[in-house]
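Chains as they are written, first to last, in our numbering: chain S, 1 to 448; chain B, 449 to 619; chain W, 620 to 1586; chain F, 1587 to 1756.
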């Protein structure tokens, strides 16, 4: 490893630009394989539309299961991106610069993936636009009292704003890439960068709007996952109807999102040889967030259970008893292990510095957070008010395929991004060069 | 720029096809309907002033207005052997085997399966047939005048303070 | 005015004129309008016509009104004029439509070729073959096998038998009342028809009689039972009938009684006789005139309650308690329904000794049964090869006769077997000539279910397949066989009319026959009061002791077969509604099972769904085990009705057929049971049998009822709901429903009616297993947690039409929305299928269309054109039959009046045999529905309303019960 | 009078660039055009640039969004009042959520629009004096002056620390 303890602006550019070289065959095999999985998922969806939702494992009373779990999971994944890019930007956090682009990209694609699931789960997807207000001869508009309409507004706003935010940040970087490229690439990059040239007027408006977008994205991100949680909290189903859902879901979202950033970042750093730009210091900071949010999430589990016990509501009591010890009980305990126990290892600095271990932990957290949503959504539905109508969902091939395809779709988009657009923000790294140098010095000192 | 032109052309094409398909909305009254018998409402209802319900006799009693039975035609056209145009009516009258010479009128007005429409209360309310069907008495070939969609129904129901509950029409 | 069949055939094509032709999914609406040549002045397209006729699905023979739209029957309802059904119709009656439109009905005559396959033939050929064979047959070489078919048809058959010079008429119905008739003859010395009046009794004892399901006349008895069981307070005295069920398994009927007393098989009689002894020992009764107390005492002395308690399993204390209550009640009634003669005799003794003959049961002289040969003799003649032609109609003896009777073998020796029926069944497999005959809804006919009641059947629509009336086949074949002796009837219609004309001659009155005929057609029959016949128990009955089973002869395990409430004798198995409605007690669909007691199952090492082999001397059957405590430990109970090897796609290859291994004429047999290593999942749409102490099915002990209050079910009652918003105002109507859980028997007639009325699709066993059952109304069934509770908790659960409907505000597109008449609407065409509404529905009554619904042709002809057929991807649920509400409102508008109470009757309320469901306007305090709520306000509650404040429009009336005391 | 001359001073760092701007200003030259690879508050300060007007765009967008959110929800509810779950026809609480989301959406869109319009983006041709280096690691200060002043300006730039000064005729 070529230890450059003190990279300069050009070195940063050089290292990042290296990732934009035309990828090799391994990359295309990877992307091609992902694409095939996406095509398979699309076929499954087409079959589901043609034949009806009966091809899924959905049943009375599990009207929602894997699809909505995937939706909440992906929306949650998205949140850490906005946290890192917008909230930490507002806090002027020093370590965000190296990872924020990756996190933000993840946000954009995760929302894109999440946004598919409300459509996939619809019985009559061809009428999805009835969820949105538009003038029509029927005089009919959506019911703005319905949490699903809030969802439609929140998620589409979130998708728009996070993509705009991602795009804004990209402009100066793509301009850099343009200036390093020739031919058609140069033309395309120039179009993407809108002809950006970094004059003082451009920078002035850029800085102004970037700050304001960060300011807008911060309440937005909190509102979006709150709205998503209200899909459940607004229902009176035991296990759903709870006032703590909004903060609990937001914390869980950041928890799973940061874990997903780690999942993506650790191999990517290696594959794209970005070790000098994304240092263990950055990763350590991410791991701390994972740990912190894990504690919040664990606390939420305790509070949720405590409130149930304290209220002595007979319906809630049964639902929670079933959640722990019912047919889905094993999923709950796997979730507790993944979300509450395993992340405790992050208290150890050595674990936080051990990238392999960290990566494995992040996978566990991802699994755990998927299960958390599943346990809440399907588990609560399964143990509803009518004991005669209880029922337990089991996945069908369609649902497994579409879930797998959603991961493939996300990874495919993400992989394409990494090799055609700068996955690390050169501009911001340059801006925070001081801190990067400090981190590198610290690392080489530790290594020594 | 060449690519741009192609892209614009493709977009226009897609847009055009979509519009064309949507404009075919099969659930709407059709204006291109040609009937097997050259029956003229203008002559019957207009010139001869035959009341609508003389032929569409079920309108005041049923959800359907009904198409007149052949007996009703024959009632007036007692000697029709010489008229070429009336052969289609005469044949089923003479040969009453089912389906032998049945007249297959083409529907002009159709409603989707999920819309329930009763003619009877509308007649009871004193609405003229023309309110929805247009001045049929001036038409040789019936073509729809109004696009009978939900907004059309709602307009009239609201003006007349009739229920616009969903269950009035959909169940 | 009697409609003529020929004229109605014009209507067949007119279906297209229905503006709202109900075609599923996205098929384009009918494109053409085809005019009538000559309009039928009785038919207005778009307006239903009603034809009265009589049900033929079981011997009870309830009156039926067929609702006909554009020439096809779309719904059967009870005939309110008919004294038996009194306007109600059970699930089996409702489902007759699916027999009419069954996709597997034989389409045209078929002949079996040399290759054993059947090929279509022309009617003329088939009739010629039959006529020739009949002509060639010698005296007594022609057999006719079929159930009793009503006076007119019996007359046709008798004359046909005369024409072919044979006396081999075998009257055969798998479930008949022969034992009842014989025992009445034995006890009373004459042929009498009993008329039970449960409503006049205060104590009821059933010795294995499932009178709410399949015994005698279930609709009528359910109506009486509701009257008997609905508690009332009059002059400070609480009236609430006491009912005991002594039997080997807890049937649905047993579950509606105060107690089910598990009794060792064949010991029901012993229990009844022990009760008799207790009554006499304690001088609880004074036998009425004509019965010598001494003789009775002497007779009863042999039945020691304690000894019998040991043998039967019913405790002596319980016997004594029942005896006291039975003897002291102002009106008591004992019913026997087992295959044990002794039980029937014992029941009559109890009724007679307590003086209840003439009070809770009266008699009328029986009509002359049709002249018939001994079944055994006919079978023997077939075995001997003495029968050359056998005509089998409306019967499936190959399926329902025991293997021991060797019927199939005998049938194989008949050179020409002519099968006449609808869906080819097991018997049709042995037929050489298969003739499709008209369904009873397509045919003329009549019935005399009991003295004074003559029902008249008329065709309600033109035929669905190329079938002919059975009568026409018989008459024509007789003409072909013997021109000289041919009956003078022209066809079935004139035969019925002549038979009725003949009977009319003997009746007093000034009416002309034409008027009488028209009136009978309009009413669906001729109903008259008949004077009760005097009947007294023969003294000889007490002279001969009734033998009780010896303990030594007692088998380890007994198979007790019972007719499935829906499949009956097996004839219901081809109807998907009957297969799909869960059996009320087990809640199992589309299958047969073996009810095994928990302890027995443990002993045999059997788990739920394990296939058990039940071996009897006559053969063996294999069935999955259903383990419960609802059966006596020494009994394995098996429903009759499944196990068809033929009989259409819906019946074929499901479960096993216990008829085959039963001894002739019996419903029980000693068996050996063994586990096999295989299993098959029994499918039920029900997950938990425990109510978890939730306020769903609420009950009230008789003590609480007497006090007029009930403590809340919660330890700490929920606070009064705090209303954030002002209540919704309903300007004109606010529709609501009252359901009396004391009246509800759980019979499922409402479910079948709902399937028929609302185009609810059936989905099949696999889809039910996958949680995709579509029925809009279901029976909640819970096993109570405490011994102090009714044996089984049941309630019909349907959309509650909550005023604070949780489903509505979560729908993003207003597909679930409230009407200003208090209805919770589901707008199918607006629904995009988020399914959020069902998630938020505490009652879980919404159903999602997982697939596009399928009705194989011609089942789709039954679809109600007034109800949209829902496509895949939309939610649906009970609408309170909004199509009937709108129709009534339109009708009221046309007549310039307001909607009156009673104008609107939803299908479930219409069908309910026990009249448990009442519908009406909650804003009209005088409506029958509100009256019922007011009258029974102590019992009124709304399901789950207290914890959730959903304000349902359905008020249930709590089930009052007598605590089961350990005696 | 001869053609004016464009001088582009290339700097390696932010401080030098700021120093050059400051000295140009002190010398009374008009504001130069500056190209730089990172957003720099110091350069904005040196150029005495006012705050970007996009703030106003965002504010107006946000207010419009919130108002249209309420207008949409209340308006559509009143067009056809449907009863749902016994809730009031105009349920303000949930409408706040819609208004909030629309406020964010409109604010963000207006901000981007403001950025594009005020920043003159997208632009097709290059700004005068731009060079690829300025998006990499160099800072550029472009000043147009009369030929006779060019030597002085060049010196001034060099003094501030310019690595090189390019000179071209406008």
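By construction, the Cβ of each residue, glycine as well, lies at the ideal position given by its N, Cα and C atoms. Here the structure is a predicted model, which is why all the values come from computation and not from measurement.
Under the Cβ criterion of 8 Å, residue 1669 of chain F is counted among the residues facing chain W. In the structure shown, residue 783 of chain W adopts coil according to DSSP, grouped into three states. By the rule that beta-carbons nearer than 8 Å mark a contact, residue 1683 of chain F touches chain S. By the C-beta criterion, the stretch 345–361 of chain S is judged to be in contact with the stretch 277–290 of chain S, since at least 3 inter-stretch pairs fall below 8 Å.
DSSP places residue 1039 of chain W within a strand segment (E or B) once states are collapsed to three.
For a Cβ distance threshold of 9 Å, residue set 137, 138, 139 of chain S lies close to residue 602 of chain B, ordered along the chain. Setting aside the 5 residues that flank it on each side, residue 375 of chain S is surrounded in the same chain by 323, 328, 331, 332, 335, each with a C-beta closer than 7 Å to its C-beta; the list follows chain order. Not flagged as an interface residue toward chain S: residue 587 of chain B, since no C-beta distance is shorter than 8 Å. Along the length of the stretch 1637–1687 of chain F, whole alpha helix (DSSP H) runs at least 4 residues long occupy 1640–1665, reported in chain order. By the C-beta density criterion, residue 245 of chain S is buried, having at least 16 other C-beta atoms within 10 angstroms. Shown here for residue 773 of chain W: same chain residues with a beta carbon closer than 6 Å to its own, the five before and five after excluded, namely 989 in chain order. Using beta-carbon distances, residue 1616 of chain F does not count as an interface residue toward chain S, since no partner is under 8 Å. Counted as a single uninterrupted DSSP element, the beta strand (DSSP E) harbouring residue 1445 of chain W occupies residues 1443–1445. For residue 767 of chain W, the nearest beta carbon of chain B is not closer than 8 Å to its own beta carbon.
Look at the beta carbons and you see the stretch 227–243 of chain S not touching the stretch 1734–1745 of chain F: under three pairs across the two are nearer than 8 Å.
If you compare the alpha carbons of W:1411, W:788, W:1520 with that of residue 1010 of chain W, the shortest gap goes to W:788.
Residue environment: residue 1574 of chain W is assigned as buried (16 or more neighbouring CB atoms within 10 Å of its CB, all protein chains considered).
In the structure shown, residue 69 of chain S adopts helical secondary structure according to DSSP, grouped into three states. Residue 399 of chain S sits in a helix when the DSSP states are folded into three classes. Contacts with chain S at 8 Å (Cβ-Cβ) include residue 1452 of chain W. Shown here, residue 468 of chain B sits in a helix according to DSSP, grouped into three states. Between residue 1075 of chain W and the set W:1083, W:1081, W:1061, the nearest pair of CA atoms involves W:1061. Per the coordinates, the alpha-carbon of residue 1631 of chain F lies some 21 Å from the alpha-carbon of residue 1730 of chain F. Taking 8 Å as the CB threshold, residue 595 of chain B stays off the interface with chain W. Of all residues in the stretch 1490–1502 of chain W, the ones placed with a Cβ closer than 7 Å to any Cβ belonging to chain B are 1498, 1501, 1502, in chain order.
Contact of residue 552 of chain B with chain W is assigned, a C-beta pair being separated by under 8 Å. Under the three-pair Cβ rule at 8 Å, the stretch 1679–1687 of chain F does not count as touching the stretch 159–177 of chain S.
Here DSSP, grouped into helix, strand and coil, assigns residue 1518 of chain W to coil. Note that the C-beta distance between residue 427 of chain S and residue 1624 of chain F is below 8 Å.
With fewer than 16 other CB atoms across the displayed protein chains lying within 10 angstroms of its CB, residue 496 of chain B is exposed. For the stretch 983–1057 of chain W, the continuous beta strand (DSSP E) assignments of 3+ residues that do not extend past its boundaries occur at 1008–1012, 1035–1040, 1052–1055, in sequence order.
Of all alpha-carbon atoms in B:612, B:482, B:453, the one lying nearest the alpha-carbon of residue 557 of chain B is that of B:482.
Pairing residue 1542 of chain W with residue 1353 of chain W gives a Cβ-Cβ distance under 8 Å. Taking all protein chains shown into account, residue 63 of chain S has 16 or more neighbouring C-beta atoms within 10 Å of its C-beta and is therefore buried. For residue 1459 of chain W, the neighbours in chain S by C-beta distance under 8 Å run, in chain order, 235, 236, 237. Sorting W:957, W:1435, W:1109 by C-alpha distance to the C-alpha of residue 778 of chain W places W:1109 at the top.
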